[in-house]
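Participant: Take this structure, written in structure tokens, and hold onto it; I'll ask about it next.
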Amino acid sequence: MSTHPTGSAIQRIFIDKQSPAAYQALVRTSEAVRAVAAEAGLDRTLVELVNLRVSQINGCAYCLNVHTNAALRAGETPQRLGVLAAWRDTELFTPDERAALALAEATTALADTALQEAAYGTAREVLTDDQISAVIWVAVTINAFNRVSVMSGHPVRHR
642 MSTHPTGSAI
652 QRIFIDKQSP
662 AAYQALVRTS
672 EAVRAVAAEA
682 GLDRTLVELV
692 NLRVSQINGC
702 AYCLNVHTNA
712 ALRAGETPQR
722 LGVLAAWRDT
732 ELFTPDERAA
742 LALAEATTAL
752 ADTALQEAAY
762 GTAREVLTDD
772 QISAVIWVAV
782 TINAFNRVSV
792 MSGHPVRHR
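Residue numbering for the sequence shown follows my numbering, beginning at 642 and increasing consecutively.
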């Protein structure tokens, strides 16, 4: 539940439940993107890093929770997850991961064309065309899921 500027609570609509056909189309898109990423040779941990970084930027607690668990299951380390928000300031990420993270950030911050050009330039140096396309699709898809969860007010629950 969110708070209205007047201080009253606003009951959010879980749009995934309200419009299940639209949500299922997004899920199918996500499944297709996961297959494209695998076919392009992107490691599952790299895909989860992209999901997490975009979710950090968008402030989606629900997706951060889901994809942190997915990253850990895929073999990602707690150390790298802990510093992901500051990935540029560490040596913990490979050139491919750095290129993918920059491209994901540029996809999320569409208004920053200088960021897009720099990210694309770096990606062109280390990623194939198929990998660039897959990273952008992963970022596009998680951006959509972030918006579904944030606007629905999906809660993160204790396990």
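Backbone N, C-alpha and C define an ideal beta-carbon position, used for all residues, glycine too.
Taking the straight line between their C-alpha atoms, what separation do you get for residue 764 and residue 742?
Facilitator: Sequence index remark: in the sequence shown, residue 764 carries index 123 (1-based). Sequence index remark: in the sequence shown, residue 742 carries index 101 (1-based). When rounded, the distance between both Cα atoms is 9 Å.
Participant: Give me the Cα-Cα distance between residue 800 and residue 754, rounded to the nearest whole angstrom.
Facilitator: Taking the first residue of the sequence shown as 1, we reach residue 800 at position 159. Taking the first residue of the sequence shown as 1, we reach residue 754 at position 113. Just so you know, the alpha carbons of residue 800 and residue 754 end up roughly 41 Å apart.
Participant: Give the straight-line distance between the Cα atoms of residue 685 and residue 778, rounded to the nearest whole angstrom.
Facilitator: Looking up residue 685 in the sequence shown gives position 44. Looking up residue 778 in the sequence shown gives position 137. Taking the straight line from one Cα to the other gives about 14 Å.
Participant: Which residue's Cα is closest to the Cα of residue 773: 688, 734 and 659?
Facilitator: Position 132 of the sequence shown, counting from 1, holds the residue named residue 773. Nearest option by C-alpha distance: 688.
Participant: Out of 748, 768, 727 and 650, which has the shortest C-alpha to C-alpha gap to residue 740?
Facilitator: Within the sequence shown, residue 740 is the residue found at index 99, counting from 1. Answer by Cα proximity: 768.
Participant: Does the segment 781-796 come close enough to the segment 656-675 that 3 or more CB-CB pairs lie under 8 Å?
Facilitator: The answer is yes - the segment 781-796 touches the segment 656-675, with three or more Cβ pairs under 8 Å.
Participant: Tell me which same chain residues have a C-beta within less than 6 Å of the C-beta of residue 734, skipping the five on either side of it?
Facilitator: The sequence position of residue 734 within the sequence shown is 93, counting from 1. Counting only Cβ-Cβ distances below 6 Å, and skipping sequence neighbours, we find 728.
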